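What follows is one structure encoded as structure tokens, with my remarks underneath.
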Amino acid sequence: ARGHRWLAMLESGEAKSLKEIATREGIDNSYVSRMVNLTTLAPDIVAAILDDALPNHVTLFDLAVDPPALWDEQLARLM
Numbered sequence: 673a674r675g676h677r678w679l680a681m682l683e684s685g686e687a688k689s690l691k692e693i694a695t696r697e698g699i700d701n702s703y704v705s706r707m708v709n710l711t712t713l714a715p716d717i718v719a720a721i722l723d724d725a726l727p728n729h730v731t732l733f734d735l736a737v738d739p740p741a742l743w744d745e746q747l748a749r750l751m
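Rendered as structure tokens:
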């Protein structure tokens with residue numbers, strides 16, 4: 673939920689950058705970045721997370737750090 677809220681803040685202009693959000697929230701900029709990245713995951717990956725059906729080798733790092741923009745590429749990389 674945080675990632676979606678922060679993304680909405682960026683889209684609305686309420687915040688100008690991830691760094692600004694991190695400063696306001698008193699947390700690390702890289703954490704904000706990772707949480708915003710999670711908002712771009714393919715629906716199939718989100719469903720697998722909710723169903724506890726991700727492959728055992730997939731880590732939070734795999735999901736949140738530099739995910740491919742295209743959903744097909746995300747699925748190929750993670751599933």
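This note's numbering numbers the first residue of the sequence shown as 673 and each following residue consecutively.
From the three backbone atoms N, C-alpha and C, an ideal C-beta is built for every residue, glycine too.
Just so we're clear, the structure is a prediction, and the values are computed from it rather than from any experiment.
Of the listed residues Asp734, Asn709, Asn728, nearest to Ala680 (C-alpha basis): Asn709
Leu726, DSSP secondary structure in three states: Leu726 sits in coil when the DSSP states are folded into three classes, being neither helix nor strand.
Where Gly675 falls: helix, strand or coil (DSSP): Per DSSP, reduced to three states, the secondary structure at Gly675 is helical.
Rounded straight-line distance, which links the Cα of Ser705 to that of Leu750: Spanning the two alpha carbons is a distance of roughly 19 Å.
Nearest-angstrom Cα separation, counted from Ile717 out to Trp723: Checking the sequence shown, residue 723 turns out to be Asp, not Trp. Taken atom to atom, the span from the alpha-carbon of Asp723 to that of Ile717 is near 10 Å.
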